[in-house]
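Visitor: Residue numbers (the numbering used here), protein chains in the order written: chain A, 45 to 174; chain B, 45 to 174; chain C, 45 to 174; chain D, 45 to 174. Each residue gets a CB set at the ideal place from its N, CA and C atoms; glycine is no exception. Remember, predicted model here, so these are calculated numbers, not experimental data.
Protein chains: 4
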Amino acid sequence: MAHSHEHDHDHEHDHDEMDECIEACLQCHVVCTMTAQYCIAQGGEHAALDLVGVLLDCAQICQTSADFMVRGSPYHTITCGACAAVCRGCAEACAAIEGSEELAHCAEVCGSCAESCERMAASDDEDDDE
Amino acid sequence: MAHSHEHDHDHEHDHDEMDECIEACLQCHVVCTMTAQYCIAQGGEHAALDLVGVLLDCAQICQTSADFMVRGSPYHTITCGACAAVCRGCAEACAAIEGSEELAHCAEVCGSCAESCERMAASDDEDDDE
Amino acid sequence: MAHSHEHDHDHEHDHDEMDECIEACLQCHVVCTMTAQYCIAQGGEHAALDLVGVLLDCAQICQTSADFMVRGSPYHTITCGACAAVCRGCAEACAAIEGSEELAHCAEVCGSCAESCERMAASDDEDDDE
Amino acid sequence: MAHSHEHDHDHEHDHDEMDECIEACLQCHVVCTMTAQYCIAQGGEHAALDLVGVLLDCAQICQTSADFMVRGSPYHTITCGACAAVCRGCAEACAAIEGSEELAHCAEVCGSCAESCERMAASDDEDDDE
Numbered sequence: 045m046a047h048s049h050e051h052d053h054d055h056e057h058d059h060d061e062m063d064e065c066i067e068a069c070l071q072c073h074v075v076c077t078m079t080a081q082y083c084i085a086q087g088g089e090h091a092a093l094d095l096v097g098v099l100l101d102c103a104q105i106c107q108t109s110a111d112f113m114v115r116g117s118p119y120h121t122i123t124c125g126a127c128a129a130v131c132r133g134c135a136e137a138c139a140a141i142e143g144s145e146e147l148a149h150c151a152e153v154c155g156s157c158a159e160s161c162e163r164m165a166a167s168d169d170e171d172d173d174e
Numbered sequence: 045m046a047h048s049h050e051h052d053h054d055h056e057h058d059h060d061e062m063d064e065c066i067e068a069c070l071q072c073h074v075v076c077t078m079t080a081q082y083c084i085a086q087g088g089e090h091a092a093l094d095l096v097g098v099l100l101d102c103a104q105i106c107q108t109s110a111d112f113m114v115r116g117s118p119y120h121t122i123t124c125g126a127c128a129a130v131c132r133g134c135a136e137a138c139a140a141i142e143g144s145e146e147l148a149h150c151a152e153v154c155g156s157c158a159e160s161c162e163r164m165a166a167s168d169d170e171d172d173d174e
Numbered sequence: 045m046a047h048s049h050e051h052d053h054d055h056e057h058d059h060d061e062m063d064e065c066i067e068a069c070l071q072c073h074v075v076c077t078m079t080a081q082y083c084i085a086q087g088g089e090h091a092a093l094d095l096v097g098v099l100l101d102c103a104q105i106c107q108t109s110a111d112f113m114v115r116g117s118p119y120h121t122i123t124c125g126a127c128a129a130v131c132r133g134c135a136e137a138c139a140a141i142e143g144s145e146e147l148a149h150c151a152e153v154c155g156s157c158a159e160s161c162e163r164m165a166a167s168d169d170e171d172d173d174e
Numbered sequence: 045m046a047h048s049h050e051h052d053h054d055h056e057h058d059h060d061e062m063d064e065c066i067e068a069c070l071q072c073h074v075v076c077t078m079t080a081q082y083c084i085a086q087g088g089e090h091a092a093l094d095l096v097g098v099l100l101d102c103a104q105i106c107q108t109s110a111d112f113m114v115r116g117s118p119y120h121t122i123t124c125g126a127c128a129a130v131c132r133g134c135a136e137a138c139a140a141i142e143g144s145e146e147l148a149h150c151a152e153v154c155g156s157c158a159e160s161c162e163r164m165a166a167s168d169d170e171d172d173d174e
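#1: Does Val-114 of chain D have its Cβ less than 7 Å from a Cβ in chain A?
#2: Can you grab the Cα-Cα spacing for the pair His-51 of chain C / His-59 of chain C, in whole Å?
#3: If you run the structure through DSSP and keep just helix, strand and coil, what is Ser-117 of chain D?
#4: What do you get for Gly-116 of chain C, buried or exposed, if any count of 16 or more other CB atoms within 10 angstroms of its CB means buried?
#5: Would you identify the three-state DSSP class for Ser-141 of chain C, choosing helix, strand or coil?
#6: Rounded to a whole number of angstroms, what is the C-alpha to C-alpha distance between Val-98 of chain A and Ala-92 of chain A?
#7: Closest by CA to Asp-94 of chain B, which one among A:Tyr-119, A:Thr-108 and A:Gln-104?
#8: Alpha carbon to alpha carbon, how far is Asp-54 of chain A from Glu-136 of chain B?
#9: With H, G and I counted as helix, E and B as strand and the rest as coil, what does DSSP make of Ala-148 of chain B?
#10: Buried or exposed for Gly-88 of chain A, please, with buried defined as at least 16 other CB atoms from any protein chain shown within 10 angstroms of its CB.
#11: For Ala-92 of chain A, does the three-state DSSP call read helix, strand or coil?
#12: Which residues of chain D have a Cβ atom closer than 7 Å to the Cβ of Leu-70 of chain A, listed in chain order?
#13: Taking 7 Å as the threshold (C-beta atoms), are Cys-124 of chain A and Cys-154 of chain A in contact?
#14: Select from B:Tyr-82, B:Val-74 and B:Glu-64 the residue whose C-alpha is nearest the C-alpha of Leu-147 of chain B.
#15: Evaluate the contact criterion for the stretch 71 to 80 of chain B versus the stretch 59 to 75 of chain A: three or more CB pairs, one atom per stretch, below 8 Å.
#16: Grab me the residues of Ser-48 of chain D's own chain with a C-beta within less than 7 Å of its C-beta, minus the 5 sequence neighbours each way, in chain order.
#17: Where does Gly-87 of chain B fall in DSSP's three states?
#18: Do Ala-165 of chain B and Arg-132 of chain B have their CB atoms nearer than 7 Å?
#19: Taking the CB atoms as reference points, tell me whether Cys-138 of chain A and Cys-161 of chain A lie closer together than 7 Å.
#20: Quick one: Cα of Thr-79 of chain C to Cα of Ala-151 of chain C, how far?
#21: Counting only beta-carbon atoms, is Ile-66 of chain A nearer than 7 Å to chain B?
#22: Applying a beta-carbon distance threshold of less than 8 Å, which residues of chain B neighbour Leu-93 of chain D?
#23: When the cut-off is 7 Å and only beta carbons count, does Val-74 of chain D lie next to chain A?
#24: Figure out for me which residue from C:Arg-163, C:Ser-167, C:Met-113 and C:Ala-140 has the closest Cα to the Cα of His-90 of chain C.
#25: Between A:Gly-143, A:Ser-144 and A:Val-114, which lies nearest to Glu-61 of chain A when the distance is taken from Cα to Cα?
#26: Would the beta-carbon of Asp-111 of chain A fall within 7 Å of that of Val-130 of chain A?
#27: So is Val-96 of chain C in contact with chain A if we call contact Cβ pairs under 7 Å?
#28: Counting only Cβ-Cβ distances shorter than 8 Å, please list the residues of the stretch 124 to 141 of chain A near chain B, keeping chain order.
#29: Sorted by chain position, which residues of the same chain lie with C-beta nearer than 6 Å to Ala-103 of chain D's C-beta, five sequence neighbours on each side aside?
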């Protein structure tokens with residue numbers, strides 16, 4: 045997926061970095077959505093409300109964060125910041141349950157997305173310092 | 045719409061306050077979505093990318109914020125905080141264009157939603173102080 | 045929530061009927077989202093993938109259906125038709141589990157939304173017959 | 045993005061075909077979202093309500109359709125059918141405006157997504173014939 049989106053804001057990020065973050069958020073949305081279904085199907089500790097709940101949360105904020113960036117919204121640093129926080133929580137919840145390849149994979153994807161979103165959110169602060 | 049949602053988190057807000065915030069976010073989602081269409085239909089300064097863009101942003105983060113609260117997510121203070129910031133920006137963008145009843149109404153709805161979301165976001169800090 | 049949305053299409057429904065359908069879809073979105081969380085929290089037969097899965101499906105298509113109508117989209121009859129089908133399935137899945145007030149309520153809300161959406165979808169066919 | 049999602053339904057599609065359709069829907073969501081912003085930024089005939097409206101519609105139903113498949117929902121044939129219809133309309137609206145590389149690209153992406161979704165929707169009918 046190649047992006048050539050318009051940016052209507054002053055905080056001009058490197059396009060490659062934003063495209064990378066969009067991809068990370070879209071992938072995290074898909075993986076969290078799949079993993080929530082997997083957990084419900086597994087039942088037991090996998091279907092705990094805390095785990096499934098944060099997976100649904102993470103899927104939704106990742107989609108929102110991706111869409112803000114795709115729209116070139118000047119508010120994407122705010123949504124990236126929120127997304128990073130939820131991704132961190134989701135990664136921890138997934139990593140807390142041992143012995144599941146699916147949850148380990150999801151934890152990794154959420155962790156990567158959190159890092160990418162943190163970089164986008166931080167670039168706003170850098171801009172403000174200029 | 046009466047809500048009797050489960051809360052799976054420590055930060056127990058007053059239910060009435062959360063229900064009020066859910067309603068505010070859902071209403072703001074609807075009004076921003078309608079107002080974006082109105083602006084595109086009007087054309088001219090109403091159809092400026094900055095205005096339509098923030099209306100689409102606001103509609104989406106309001107929906108996300110409402111859903112986090114409906115799910116009783118412990119992360120709802122984060123999404124409420126993000127929602128408040130975008131609502132403030134949307135209210136300003138709407139108020140900046142004079143002579144439109146629709147935009148004045150949207151500015152008012154966004155302002156109310158921002159206030160409600162700010163209260164929800166702030167209640168997290170209070171909890172942390174306890 | 046009073047709506048005064050613009051309609052950009054030939055198939056002019058009665059505004060009250062469309063507003064009623066928007067409300068039904070928004071309410072069904074909220075109730076299905078809450079009920080999915082309730083089911084996951086309950087565990088056991090409530091947390092069966094078939095039930096939670098269709099609740100998540102229903103919540104999402106209801107939101108999509110509502111948004112198409114709020115935008116005054118000429119394609120709202122298509123999304124209303126899809127929404128009605130998923131609502132029917134969700135109402136059946138909820139009604140199949142006895143002894144739960146929450147699921148009985150959700151079944152009722154989904155059934156009402158299905159009826160409202162079916163009327164909207166059918167009004168398109170009537171228009172075509174003219 | 046590799047998918048290994050669970051299917052909880054009888055209508056077992058070829059996994060590659062479903063993965064391809066998920067990718068098509070996600071790409072179409074992104075391209076329609078970007079193209080809507082592009083059209084609003086361009087103004088004039090690009091910012092006509094019919095065009096921007098169907099781009100927003102298409103972006104939303106593509107996301108919904110993708111999510112139903114990612115969840116392995118048995119109702120994905122219904123949402124794929126709705127998605128195909130909206131994608132067809134969006135492709136036509138984009139193709140109707142000449143001389144824009146962005147709209148020509150969007151028309152192509154919507155056309156491909158429509159074809160992929162039609163195959164998924166049709167596979168349900170085939171299953172029913174067995």
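Guide: Based on what the coordinates show:
#1: Closer than 7 Å to some Cβ of chain A, the Cβ of Val-114 of chain D qualifies, so yes.
#2: Summary for His-51 of chain C: the model assigns pLDDT 41, below 50, so the residue's position carries little reliability; its value from the coordinates is reported in the next sentence. Each residue's alpha carbon lies about 10 Å from the other.
#3: Ser-117 of chain D: coil per DSSP, three-state reduction.
#4: Gly-116 of chain C should be labelled buried.
#5: The residue you asked about is not Ser; residue 141 of chain C is Ile in the sequence shown. DSSP places Ile-141 of chain C in coil when its eight states are reduced to three.
#6: Rounded to whole angstroms, the gap between the alpha carbons of Val-98 of chain A and Ala-92 of chain A is 10 Å.
#7: Ranking the options by Cα distance to Asp-94 of chain B, first place goes to A:Tyr-119.
#8: Per-residue confidence for Asp-54 of chain A stands at a pLDDT of 41, beneath the threshold of 50, marking its modelled position as unreliable; no derived number is given.
#9: Under the three-state reduction of DSSP output, Ala-148 of chain B falls in the helix class.
#10: Burial check for Gly-88 of chain A: the Cβ neighbour count within 10 Å stays below 16, so the residue is exposed.
#11: The answer is coil: DSSP assigns Ala-92 of chain A none of H, G, I, E or B.
#12: Neighbours of Leu-70 of chain A across chain D, judged by C-beta separation under 7 Å: Leu-70.
#13: Going by C-beta atoms, Cys-154 of chain A is not nearer than 7 Å to Cys-124 of chain A.
#14: Considering only alpha carbons, the answer is B:Tyr-82.
#15: No, because fewer than three Cβ pairs between the stretch 71 to 80 of chain B and the stretch 59 to 75 of chain A fall closer than 8 Å, the two stretches do not touch.
#16: Interpretation of Ser-48 of chain D is limited by its pLDDT of 39, a score under 50 that renders its predicted location unreliable; the figure taken from the coordinates is listed afterwards. No residues qualify anywhere along the chain.
#17: It is coil, neither helix nor strand.
#18: No, these two residues do not count as a Cβ contact at 7 Å.
#19: Taking a C-beta distance under 7 Å as the contact criterion, Cys-138 of chain A and Cys-161 of chain A do not qualify as a contact pair.
#20: Straight-line measurement puts the Cα of Ala-151 of chain C at about 10 Å from the Cα of Thr-79 of chain C.
#21: Judged by the 7 Å Cβ criterion, Ile-66 of chain A is not in contact with chain B.
#22: Within chain B, the residues Gln-81, Ile-84 and Ala-85 have their CB atoms less than 8 Å from the CB of Leu-93 of chain D, given in chain order.
#23: So yes, Val-74 of chain D belongs to the interface.
#24: Between His-90 of chain C and the set C:Arg-163, C:Ser-167, C:Met-113 and C:Ala-140, the nearest pair of CA atoms involves C:Ala-140.
#25: For Glu-61 of chain A, the nearest C-alpha among the options comes from A:Val-114.
#26: Contact: no.
#27: Yes, Val-96 of chain C counts as interfacial toward chain A.
#28: Gly-125, Ala-126, Ala-129, Val-130 and Gly-133: these are the residues of the stretch 124 to 141 of chain A whose beta carbon lies less than 8 Å from some beta carbon of chain B, given in chain order.
#29: Hits under 6 Å: His-73, Cys-76 and Thr-77.
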